[in-house]
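With the numbering used here as the guide, the letters of the sequence shown map in order to residues 1162 to 1520. No residue lacks a Cβ here, since even glycine has one placed at the ideal position from N, Cα and C. Keep in mind it's a predicted model, so treat the numbers as computed, not measured. Report on one structure; see the data block that follows.
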Amino acid sequence: MNEEMKLADYKTQHESLMFHSFGWSDFWKTHLEASGNFEVIETIMNNRFIQEKWLEEQGIKKSGLSFEDMIEEQIRYYEPDLWFAHSFMISPGFRIRMKKKYPFLKKVIFYDGQLLHDENYLQGCDLVLSCVEDTLDYYKSKGFDTYFMPYAFDEKIMERAGKLERIYPVSFVGSFFPFRGIHSKRLEFVYQLTRKEKIDLWAPDILGRGKSAVYNISKLLSKGQFKEFRYAMKLEKERNGTVFGLDMFRIFLSSGITLNFHGDIVHKAANIRLFEATGSGALLLTDWKDNLNEFFEPGKEVVTFRSLDECIEKINYYRENEKERELIARAGQKKTLENYSYSRLLSKFGDFLAGYAGN
């Protein structure tokens, strides 16, 4: 958030952040409210500037308040029936306290898209959403209510981003957390790929900055991850920078081919980039997962690879065969807009939620 925006009123700050389209943005609010059954209040817990502005406008003393304190003030003010408490800044104890303290809170909802599989962390929650069926099976076995909610794409992204030319032949937009079990395989794959192919790469700081960098480097070296350290240092110099929200979507909208790699421990196709990239009309070249055909038809709506050599082969093929590339990209975009738009998925979820909230 720029310095000028920090001085703006709460409504202006909130609208600006929503327009930037980071994460779920205002997509849930827009499409749940379209049914006429809900009034949705979007709070941005991890932005202290906007939270303090809200407190200031309500005449609430803000000094000394933690992030959870600020959320409690908003819960008390708005009196929601349903609380989507999916932020990792919200502790299990806080959720439990809020349910006991405020009887108007009928249900608390959490989204596990990271395969936490941790029933203790989700204490205080009633309903768990996830994009992975195995995750829902886990929570169902622990007594939680569950609902399958894949990630999606919102059509308004293209309007907000504006018309763009596809100036990046091959791109990758994503993060690298270089430790084993998270993104070390992704890091090595992209490093090896960039030794042989020109890839336009956008990623956050791989090793962090300041004390965070010192900690991460020490941890890598103490665990003997010398290769990962070398890969990270090399790619750090090659990345174009960090993009989120609308800036990220503009990269997808400007890419002929964009790459996708799931995390090291993820065995199912599920991540949000599947839908962000296809929705933006880029040709998605993604790592093979056995369940991918539950979402897209490989070879007709997306393209897959199982190895570095196959990835390179397909990059070269589709870079040279523009008509075939565009045919698959358009088919992938059509599938996402028809089946995995937020308007469609949240309309169905709204029908479920209207009945669930009354139970």
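Buried versus exposed, by CB contacts within 10 Å (16 or more), residue i
{"i": "ASP1451", "result": "exposed"}
{"i": "ASN1421", "result": "buried"}
{"i": "GLU1437", "result": "buried"}
{"i": "ALA1515", "result": "exposed"}
{"i": "GLY1285", "result": "buried"}
{"i": "GLN1219", "result": "exposed"}
{"i": "MET1259", "result": "buried"}
{"i": "PHE1466", "result": "buried"}
Residue of the options minimising C-alpha distance to residue i
{"i": "ALA1374", "options": "ASN1477, PHE1338, ARG1347, GLY1342", "result": "PHE1338"}
{"i": "GLN1386", "options": "HIS1344, THR1355, LEU1414, THR1447", "result": "HIS1344"}
{"i": "ASP1408", "options": "TYR1392, LYS1357, GLY1335", "result": "GLY1335"}
{"i": "ASN1207", "options": "PHE1228, ASP1187, GLU1194, ARG1467", "result": "PHE1228"}
{"i": "GLY1274", "options": "PHE1413, ARG1347, LYS1475, PRO1311", "result": "PRO1311"}
{"i": "GLU1164", "options": "LYS1461, PHE1210, MET1179, PRO1459", "result": "PHE1210"}
{"i": "PRO1330", "options": "PHE1513, PHE1255, ASN1482", "result": "ASN1482"}
{"i": "PRO1264", "options": "LYS1461, LEU1243, ILE1270", "result": "LEU1243"}
{"i": "ARG1505", "options": "ALA1195, HIS1175, LYS1167, LEU1266", "result": "ALA1195"}
{"i": "ILE1489", "options": "LEU1435, GLY1254, VAL1464, LYS1475", "result": "VAL1464"}
Span separating the alpha-carbon of residue i from that of residue j
{"i": "GLY1440", "j": "ALA1322", "result": "13 Å"}
{"i": "LYS1214", "j": "ASP1170", "result": "7 Å"}
{"i": "TRP1189", "j": "THR1173", "result": "19 Å"}
{"i": "PHE1216", "j": "ARG1237", "result": "According to the sequence as given, residue 1216 is Leu; it is not Phe. The alpha-carbon atoms of LEU1216 and ARG1237 are separated by roughly 12 Å."}
{"i": "GLU1200", "j": "HIS1192", "result": "11 Å"}
{"i": "SER1252", "j": "PRO1241", "result": "19 Å"}
{"i": "LEU1444", "j": "LYS1359", "result": "16 Å"}
{"i": "LYS1357", "j": "LYS1395", "result": "14 Å"}
{"i": "GLY1519", "j": "TYR1299", "result": "25 Å"}
{"i": "GLN1212", "j": "GLY1342", "result": "34 Å"}
{"i": "TYR1479", "j": "GLY1184", "result": "29 Å"}
{"i": "TYR1272", "j": "GLY1511", "result": "15 Å"}
Distance CB(residue i)-CB(residue j) smaller than 9 Å
{"i": "TYR1503", "j": "PHE1245", "result": "no"}
{"i": "TRP1363", "j": "PHE1333", "result": "yes"}
{"i": "LYS1429", "j": "VAL1293", "result": "yes"}
{"i": "GLU1316", "j": "LEU1446", "result": "no"}
{"i": "MET1231", "j": "LYS1222", "result": "no"}
{"i": "ARG1327", "j": "SER1416", "result": "yes"}
{"i": "PHE1413", "j": "GLY1371", "result": "no"}
Element boundaries [beta strand (DSSP E), containing residue i]
{"i": "THR1419", "result": "1416-1421"}
{"i": "ILE1257", "result": "Element bounds for ILE1257: not the beta strand (DSSP E) but the alpha helix (DSSP H), 1253-1262."}
{"i": "LEU1445", "result": "1444-1448"}
{"i": "LEU1453", "result": "Here LEU1453 belongs to no beta strand (DSSP E), and DSSP marks it neither H nor E."}
{"i": "PHE1245", "result": "1243-1245"}
Where the alpha helix (DSSP H) containing residue i begins and where it ends
{"i": "ASP1230", "result": "1228-1239"}
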